[in-house]
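Counting with this note's numbering, you get residues 1 to 216 for the letters of the sequence shown.
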Amino acid sequence: EQVHERALQLLAHAGYDVRTIDASGSGAWRDAAADAHMVGLRSRTQLDAAFFQQAERLWAVGCFCIGTDQVDLAAAAAKGVAVFNAPFSNTRSVAEKTIAEIIALHRKLFDRSAALHRGEWTKSAEGAHEIRGRTLGIIGYGRIGSQVRVLAEALGMRVLYYDTANVLPMGNARRAESLDDVLGQADCVTLHVPDAPATRLLIKEHQLQRMKTGAL
1 EQVHERALQL LAHAGYDVRT IDASGSGAWR DAAADAHMVG LRSRTQLDAA
51 FFQQAERLWA VGCFCIGTDQ VDLAAAAAKG VAVFNAPFSN TRSVAEKTIA
101 EIIALHRKLF DRSAALHRGE WTKSAEGAHE IRGRTLGIIG YGRIGSQVRV
151 LAEALGMRVL YYDTANVLPM GNARRAESLD DVLGQADCVT LHVPDAPATR
201 LLIKEHQLQR MKTGAL
């Protein structure tokens, strides 16, 4: 899955026999991967229980991404295979993209771009706002959420956050008492939570009803 060439060089230099496998096609990659001592993958390739039954020599699985959802962790544990991830690999990248989307939505850049592609030059700024002075609500104040806070505050936003864990605030961010508290005050809300049963359909209709008219 397009692992960077530099990673392959470093592993080879450390003395490992490194083989790359294209997992996008047929299932032939499973046989090759199951013969390895260690497997490195990104988020698309799925390692299920059947794979671990087949992988007799496997010691460890490294996920070159922030999650391990693509690996059957129970099956790996039953076979004594360690599974690890790279939790900081794209934290900053996601935070920057989040801020870029917040700015684009506040300034209606998508609408303006579409109009320009139709040959329309719209000079009106009606409904477009600077993000400075606006309130950003962050749901999930972990590695990515806290990085979003850093960038948002640097751009002049007021930051309110909520997390089920008792996470200490940083900078000028203020911890909200509940999800509804954030939704009622924020001009814009961004979610950075793990994929789990408790977080699916986290924002329902009655939560949306609590938000300000025009909030994002």
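C-beta atoms are modelled at their ideal positions from N, C-alpha and C, and glycine is treated no differently.
Note that the coordinates shown come from a computational prediction; the quantities given were computed from them, not determined experimentally.
Counting only beta-carbon atoms, is residue i nearer than 8 Å to chain C?
| i | result |
| --- | --- |
| GLU153 | The structure shown contains no chain C, having only a single protein chain. |
Which of the three DSSP states is assigned to residue i in this structure?
| i | result |
| --- | --- |
| VAL94 | helix |
| ALA60 | strand |
| ILE99 | helix |
| GLY142 | coil |
| LEU151 | helix |
| ARG175 | strand |
| LEU109 | helix |
| ARG44 | coil |
| LEU116 | helix |
| LEU208 | helix |
| LEU136 | strand |
| ALA128 | coil |
| ALA215 | coil |
| ALA104 | helix |
Write down the C-beta distance between residue i and residue j rounded to the nearest angstrom, noting that I regard them as a contact closer than 8 Å.
| i | j | result |
| --- | --- | --- |
| TYR161 | SER178 | Between SER178 and TYR161 the Cβ distance is about 12 Å, and since that is not below 8 Å, they are no contact. |
| SER93 | ILE66 | About 10 Å; that fails the 8 Å criterion. |
| CYS63 | ALA95 | Between ALA95 and CYS63 the Cβ distance is about 20 Å, and since that is not below 8 Å, they are no contact. |
| LEU183 | MET157 | Contact flag wrong, Cβ pair sits at about 16 Å. |
| THR98 | ARG112 | Not really, about 20 Å apart at Cβ, beyond 8 Å. |
| THR45 | ALA23 | 5 Å |
| ILE138 | VAL159 | 6 Å |
| ASP180 | GLN207 | 7 Å |
With a 10 Å radius around its C-beta and 16 neighbouring C-beta atoms as the bar for buried, classify residue i as buried or exposed.
| i | result |
| --- | --- |
| LEU73 | exposed |
| HIS117 | exposed |
| ARG149 | buried |
| PHE52 | buried |
| HIS192 | buried |
| LEU10 | exposed |
| ILE102 | buried |
| THR135 | buried |
| ARG19 | exposed |
May I ask which residues mark the beginning and end of the alpha helix (DSSP H) holding residue i?
| i | result |
| --- | --- |
| GLY184 | 179 to 185 |
| PHE84 | No alpha helix (DSSP H) holds PHE84; the beta strand (DSSP E) holding it covers 82 to 84. |
| LEU10 | 5 to 13 |
| ARG200 | Taken as a continuous stretch (DSSP letters only), ARG200 belongs to no alpha helix (DSSP H), as it is neither H nor E. |
| GLN54 | 49 to 54 |
| ARG30 | 28 to 34 |
| ALA76 | 73 to 78 |
Which residues bound the beta strand (DSSP E) around residue i?
| i | result |
| --- | --- |
| LEU41 | 38 to 41 |
| LEU160 | 158 to 162 |
| LEU191 | 188 to 191 |
With a cut-off of 8 Å, do at least 3 Cβ pairs link the stretch 49 to 61 to the stretch 29 to 40? yes
Contact the stretch 135 to 154 vs the stretch 113 to 126: 3+ CB pairs below 8 Å: no
Decide yes or no for the touch test of the stretch 130 to 138 against the stretch 176 to 190: beta carbon pairs closer than 8 Å, at least 3 of them. With a cut-off of 8 Å, the stretch 176 to 190 and the stretch 130 to 138 count as touching, because enough Cβ pairs lie within range.
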